[in-house]
Amino acid sequence: MSLFQICSMVGIGGAVGVCLIHYVLVARRMPHPGHGQRRLLRYNLWERFLHVVLLATFLVLAVTSFWASIGWGGPMAGYTLMIHTTCGAVFAVAVAAMLVTWAADHAFADHDCQWLKACGCCSTRGDLPAGRFNASDKVYFWLAAPLVLVLLLTMLLSMVPVLGTAGQYLMYDLHRWSALVLVIATIWHAYQTTLAKPGGLTAITRGRVSSGWARRFHPLWGARAEAETADAGDSPAEETSAD
């Protein structure tokens with residue numbers, strides 16, 4: 302078994318384990334945010350579509366690559382390679398769209414330092430400042446962006462014989478290790494934005510959250526969104542238990 306296989310199994314298994322421990326010790330004990338009086342738009346139709354494309358292509362890329370490297374221990378070939386490279390191109394376009402769509406919302410602010418110092422991901426407090434995206438979301442966003450760029454460049458350079466055999470092996474190593482880091486980070490991010498936040502998955506699938514949810518997890522954004530909703534004259538909608 303190679304070093305990469307060992308690190309992959311330990312890293313991915315460890316990430317899943319950390320999420321399970323966090324869920325048992327923190328997320329399950331977190332007070333329900335309540336419903337509030339208004340339904341606030343968190344993600345518009347384009348943003349929800351972008352989430353779906355990113356998730357679907359990422360899952361295909363992760364399964365096709367790590368199934369080969371961990372499950373079978375050999376390089377991708379045939380249909381698996383074709384599917385992987387095709388989804389890689391779609392994923393790269395989706396990431397570019399992600400940067401254009403969300404880069405401004407992921408700019409770091411002073412309140413993010415307070416969130417990080419309080420270890421917001423492990424806190425059950427409801428008064429930690431967070432904008433539309435919290436500090437954990439922002440760290441993931443700006444970690445994922447350069448990793449995807451490395452993945453794209455190494456894939457392209459490995460397909461063009463300009464670096465020689467040694468160079469192609471180097472590109473292959475950079476590609477798979479960058480992919481491993483991205484997968485581990487994405488497991489944690491996906492958990493933090495869904496299971497760790499009651500109603501987080503509903504926010505992505507339906508696009509709206511309750512004002513109570515917004516005040517609990519993203520109070521700075523929630524206050525702004527409530528004010529904008531009130532100014533627009535939106536009437537309160539019936540709340541659901543999902544949030």
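Read in order, the letters of the sequence shown correspond to residues 302 to 544 in my numbering. Glycine included, every Cβ here is placed at the ideal spot set by N, Cα and C.
CA-to-CA distance, residue j to residue i, given in whole angstroms
i      : j      : result
PRO499 : ALA515 : 11 Å
PHE572 : ARG339 : Here the chain covers residues 302 to 544 and nothing more, so residue 572 does not appear.
ALA296 : HIS476 : Beyond the ends of the chain as shown, which are 302 and 544, falls residue 296; an answer cannot be given.
LEU341 : TYR470 : 49 Å
PRO537 : THR530 : A caution first: PRO537 carries a pLDDT of 44, below 50, which makes its placement in the model too unreliable to give a value.
TYR324 : LEU496 : 8 Å
ALA316 : VAL364 : 16 Å
ALA486 : TYR441 : 7 Å
VAL311 : LEU458 : 29 Å
PHE359 : CYS388 : 8 Å
ALA398 : LEU351 : 8 Å
ALA390 : VAL482 : 19 Å
ALA467 : ASP474 : 11 Å
LEU346 : ALA395 : 15 Å
SER366 : ALA480 : 9 Å
LYS439 : LEU304 : 30 Å
TRP522 : GLY513 : 12 Å
DSSP state of residue i mapped onto helix, strand, coil
i      : result
ARG339 : coil
ARG633 : Within the shown structure, residues of the chain are numbered from 302 to 544, placing residue 633 beyond reach of any answer.
VAL451 : helix
ASP428 : coil
LEU496 : coil
ALA543 : In this prediction, ALA543 scores a pLDDT of 39, lower than 50, which makes its location untrustworthy; the coordinate-derived value is nonetheless stated afterwards. In the structure shown, ALA543 sits in coil (DSSP, three-state: anything other than H, G, I, E or B).
ALA524 : helix
VAL461 : coil
PHE392 : helix
ALA445 : helix
ALA404 : coil
HIS490 : helix
HIS553 : The question about residue 553 has no answer here: the residues shown for the chain are numbered 302 through 544.
HIS385 : helix
HIS352 : helix
MET456 : helix
LEU471 : helix
MET331 : coil
Counterpart residues of residue i in DSSP-defined beta bridges
i      : result
ARG509 : LEU342
Run of the alpha helix (DSSP H) containing residue i, from where it starts to where it stops
i      : result
VAL311 : 304–326
TRP368 : Per DSSP, TRP368 belongs to no alpha helix (DSSP H) and is neither H nor E.
CYS414 : 411–418
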